[in-house]
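Residue numbering for the sequence shown follows numbering that gives the first Met the number 0, beginning at 0 and increasing consecutively.
Quick reminder that beta carbons are idealized off the backbone N, C-alpha and C, glycines included.
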Amino acid sequence: MNRFYIAGTLLCCALFLAILAPSAYSDEWNKMTVVTFPNPVEVPGAVLQPGKYVLKLVDSPSDRHIVQITNERQDHIYATILAIPNYRLEPRGKTVVTFYEMPSGQPEALKAWFYPGDNYGQEFTYSKDRARLISEATHENVPVTPPDSHVSTATQQPSAVESETTPTTPRSEETSPSPQSPPQAEPRTQPAPPPAPGNPETGGKEMPQTASDAPLVALIGIFSIASALALRTFGRERG
0 MNRFYIAGTL LCCALFLAIL APSAYSDEWN KMTVVTFPNP VEVPGAVLQP
50 GKYVLKLVDS PSDRHIVQIT NERQDHIYAT ILAIPNYRLE PRGKTVVTFY
100 EMPSGQPEAL KAWFYPGDNY GQEFTYSKDR ARLISEATHE NVPVTPPDSH
150 VSTATQQPSA VESETTPTTP RSEETSPSPQ SPPQAEPRTQ PAPPPAPGNP
200 ETGGKEMPQT ASDAPLVALI GIFSIASALA LRTFGRERG
């Protein structure tokens, strides 16, 4: 009877691991990350109110630099953004999101996003007019969305009801950025150079990683302990 009980326990553990494995693989493929913004944040084509959002790559084998921003339930898309590769010398074990430091009273503009453990991240491109305004305000090079891009960007600003606010009090006198103008039919400008070696994340703020592999590690540990107990019990019965 003990053998059947132990075998059933091991089978249940194996089934849990099998169910969890596809989810972990999916997160690795589309780099899905949940982030919390305590203050309004500008992204290409929209201004996100304080709350939780999902950043992930669009499932496109031909272009791995299209980022989609949705609400936490992933049933509303706020923006679909064309990005360019951003390289860092030392990968971090947690999600890193950097911003352009805008003048007081304006939302910070999203600059780049790095998935945990990756050397290459996603640096976001802005329309020509908006990139020029951000560059003038921050004295940084801002990559411009190419005019022939077919990526559609949502312009709907999320309402306070849709986004989940956090206890952090937003900065006072916050105003929305200037309206975007459609990109002009001009050649693509030179993208911003990668961060200088030695300090690739200067000027950025790190967002906490909210999606981890802790459940998978825990289940593997349970499976290992159950296997050890089964082998030990089986050895005692034979002895």
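Taking residue i as the reference, give the member of the options with the closest Cα.
i	options	result
V95	W28, F36 and I224	F36
K93	V34, N29 and R129	V34
D26	I80, P115 and K51	P115
N140	D147, P146 and K127	K127
Would you mind sorting residue i into buried or exposed? The rule is 16 or more other CB atoms within 10 Å of its CB.
i	result
W112	buried
Q73	exposed
G104	exposed
P142	buried
Could you name the residues of the same chain whose beta carbon sits closer than 8 Å to that of residue i, not counting the 5 residues immediately before and after it, in chain order?
i	result
V40	V46, L47, F98, P106, E107, A108 and L109
K30	L54, K55, L56, Y114 and D117
I224	none
I76	Q67, I68, T69 and A153
On the DSSP bridge assignment, give the partners of residue i in chain order.
i	result
P243	This structure cannot speak to residue 243, because the chain is shown only from 0 to 238.
N140	None; N140 has no bridge partner.
E41	V46 and A108
L56	V66
A78	I68
In chain order, what residues of the same chain have a beta carbon less than 7 Å from the beta carbon of residue i, not counting five sequence neighbours either side?
i	result
D117	P90
Check whether chain D comes within 7 Å of residue i, counting only Cβ atoms and requiring the distance to be less than that.
i	result
Y86	Any reference to chain D falls outside this structure, which holds one protein chain only.
Using a Cβ-Cβ cut-off of 6 Å (strictly less than) and excluding sequence neighbours within five positions of residue i, which residues of its own chain qualify?
i	result
A130	V141 and V143
Point to revise | Cβ pair count under 8 Å reaching 3, the region 56 to 63 against the region 87 to 104 | key: no
Point to revise | the region 115 to 127 in contact with the region 40 to 57 per 3-pair CB rule at 8 Å | key: Yes, since at least three Cβ pairs between the region 115 to 127 and the region 40 to 57 fall closer than 8 Å, the two stretches touch.
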